[in-house]
C-alpha cells in the first residue's frame, strides 16, 4: 500500500534539492543535507531523531569513502605530475600510428582516467589532439571524441574513481565486482562511443578547433616514465582488489587456502591497503627516483586533497539522504510499490539518476541522489554481483545528456574550440550514447548474475 504523504515527502525533497542547486546555487553538500532534513520533517520524524539520522548517515558513509577517495586522489596526483599520461599517450600513438590514432586515444583515456580525475586528464592530453589534427588536417572530433569517451567511461564505471566508489558504498556493493563489471560494460561502450562515433561525427562536423593558450603545448618533463611502469602501478590496486573479491567468492574456501592466510590476503586486497601500497610505490618510483623532492611530493599530495574533499562531503550527505529514507520507512514503501508493479530496481536506478542528471547537471550529485533513492529498495536476497550492476546502472544514468548546466559541456567546448551547437551534436550525443550502452550492458549482465 502506497503512503502518498510519505511519497510526497520524498518527491518534494528531490525537487527541493534541484531547486536549491539550480535556482539558488547552493553547494551540493549543503543542498543534500537540507533535502534530507526536509524528508524527515515532512514524514513526521521526531526532531532529535532527524539529527541522529544525519549523524549516522554521514558517519556510516564516510568511514569507507573518505579513505578510498582520499588515497585515490593522492595516487592520481603523483601519476599526473610524473608525466605518466603523456608517456602512455605517446607510446600508444607511436604503436598504433596516425591512421589508427583514434583507437590509441580511446585506450589512453580508458587507462589514464583510472587514477586521474576526468578534467585533469583531459587538459593534460588535449594538446595531443591538436597535434594530430594539425598533422592530418581532419576534424578535431575524429580524435577528441575517442579520448573523451575513454576518459568518461572509466571515470564513470571503474573504481577507484570517486563516482563508482561513492555509489558502491551507499549500495554496499563489493568494489571487485564493480571493477569487473565496469570493464565488461566499458569495453563495448568505449568502442562504440569512441572510434566508431568519432568517425561518424567527424564526417558531419569538420571543425579544426580553435587552439587556445592553455593547449598550445604539452607540459615538458626532463624525461617521461616508461609505459610499463605506469601501467604496472595503475594495475596494482585493481589487481589486489579483484584478487580479494575472488578469494572471498565461493570459488575459494578454507580447504584450498587456510583461513588465517585468507584473512591476511583479504587485508592486503582491501581497497584501503591496495591503495596505500600503490601510493607508496608511486611515491618512490615516480617521485623520489625521478628527482622529486619530499617537499614537492608533500605539496602535490596536499593539493590533491581539495577536489577529493568536496567529493567526500557530497558523498557523506548522500549517505544522510539514504539513511533518512530508511529511517522514515520511505525506502521500504517504495520497494514494495515497485515490486508490486513489476518495475525493475535496475531500471529505477538508471531513470532516477538520469532525471537528476538532466535537471541539475552534476553527474556526482545525480549518482549520490540516485544511490540514496535506490539503497533502501534493496532486499537481503540481492547478491553482490547484482549490487555491482546497480552501481553501473546508476553511473550510466548519471552520465546521460551532458548539456549547458554541466561544467563538462563548457570544458569540452572550450578546449576543442566548438560552438554550443557543435558541442551538443558531439559531446552531448556521446554522453547519451554512453549512458544507454552502459545500461544495456548492465541489463544484459543481470540475466546471468
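Residue numbers (our numbering): 139 to 587. Glycine included, C-beta positions come from ideal geometry on N, C-alpha and C.
From the options, residue whose alpha carbon lies closest to that of residue i
i: residue 340; options: 577, 587, 468, 565; result: 565
i: residue 539; options: 526, 555, 568, 334; result: 568
i: residue 508; options: 535, 430, 168, 524; result: 535
i: residue 245; options: 275, 524, 287; result: 287
i: residue 304; options: 577, 526, 498, 322; result: 526
i: residue 588; options: 570, 468, 581, 482; result: Residue 588 lies beyond the stretch modelled for the chain, which goes from 139 to 587, so this question has no answer here.
i: residue 294; options: 587, 573, 385; result: 573
i: residue 367; options: 521, 424, 432; result: 424
i: residue 345; options: 571, 586, 561, 587; result: 561
i: residue 546; options: 185, 289, 586; result: 289
i: residue 537; options: 554, 519, 577, 515; result: 577
i: residue 532; options: 549, 515, 518, 506; result: 506
i: residue 470; options: 429, 516, 524, 431; result: 516
i: residue 361; options: 520, 225, 373, 488; result: 225
Cβ shell of residue i (< 6 angstroms), same chain only, five flanking positions each side left out
i: residue 442; result: 211, 212, 215
i: residue 178; result: 188, 462
i: residue 174; result: 458, 459, 462
i: residue 490; result: 508, 511
i: residue 324; result: 291, 295
i: residue 300; result: 207, 449
i: residue 513; result: 308, 309, 460
i: residue 543; result: 499
i: residue 504; result: 491, 494, 495, 536
Cut-off 8 angstroms between Cβ atoms - residues of its own chain near residue i, not counting five sequence neighbours on either side
i: residue 375; result: 213, 298, 409, 412, 413, 415, 416
i: residue 171; result: 192, 455, 458
i: residue 196; result: 454, 455, 457, 458
i: residue 156; result: 494, 497, 498
Own chain residues within Cβ distance below 7 angstroms of residue i, not counting five before or after
i: residue 219; result: 438
i: residue 558; result: 551
i: residue 475; result: 140
i: residue 421; result: 216, 435
i: residue 254; result: 214, 217, 218, 223
Through-space distance from residue j to residue i, alpha-carbon basis
i: residue 486; j: residue 552; result: 34 angstroms
i: residue 343; j: residue 277; result: 7 angstroms
i: residue 500; j: residue 396; result: 46 angstroms
i: residue 350; j: residue 268; result: Summary for residue 350: the model assigns pLDDT 49, below 50, so the residue's position carries little reliability; its value from the coordinates is reported in the next sentence. For residue 350 and residue 268, the distance between alpha carbons rounds to 10 angstroms.
i: residue 398; j: residue 260; result: 44 angstroms
i: residue 359; j: residue 332; result: Low confidence applies here, because residue 359 scores a pLDDT of 49, under 50, leaving its location unreliable; read the following figure in that light. Cα-Cα distance, rounded: 29 angstroms.
i: residue 579; j: residue 241; result: 21 angstroms
i: residue 329; j: residue 145; result: 41 angstroms
i: residue 166; j: residue 274; result: 43 angstroms
i: residue 465; j: residue 199; result: 15 angstroms
i: residue 153; j: residue 365; result: 47 angstroms
i: residue 164; j: residue 201; result: 25 angstroms
i: residue 151; j: residue 180; result: 9 angstroms
i: residue 234; j: residue 227; result: 10 angstroms
i: residue 401; j: residue 407; result: 10 angstroms
i: residue 169; j: residue 452; result: 9 angstroms
i: residue 447; j: residue 205; result: 11 angstroms
i: residue 238; j: residue 272; result: 16 angstroms
i: residue 570; j: residue 190; result: 39 angstroms
i: residue 327; j: residue 257; result: 20 angstroms
i: residue 378; j: residue 384; result: 10 angstroms
i: residue 247; j: residue 182; result: 48 angstroms
i: residue 281; j: residue 336; result: 7 angstroms
i: residue 530; j: residue 371; result: 25 angstroms
i: residue 312; j: residue 405; result: 14 angstroms
i: residue 419; j: residue 518; result: 39 angstroms
#### Entry: Complete alpha helix (DSSP H) runs within the segment 247-313 (minimum length 4 residues, chain order)
The segment 247-313 contains, as complete alpha helix (DSSP H) runs of 4+ residues, the segments 256-274, 279-295, 300-309 (chain order).
### Task
Only counting runs of 4 or more residues, tell me where the alpha helix (DSSP H) segments fall wholly within the segment 431-472, in order along the chain.
Listed in chain order, they are 432-466.
### Task
Taking only runs that begin and end inside the segment 357-418, name each unbroken alpha helix (DSSP H) of 4 or more residues, in chain order.
365-385, 397-407
### Task
At 3 residues or longer, and completely inside the segment 533-585: list those beta strand (DSSP E) runs for me, N to C.
Here no run is fully enclosed.
#### Entry: Contiguous alpha helix (DSSP H) assignments of at least 4 residues, all confined to the segment 152-229
166-180, 185-220
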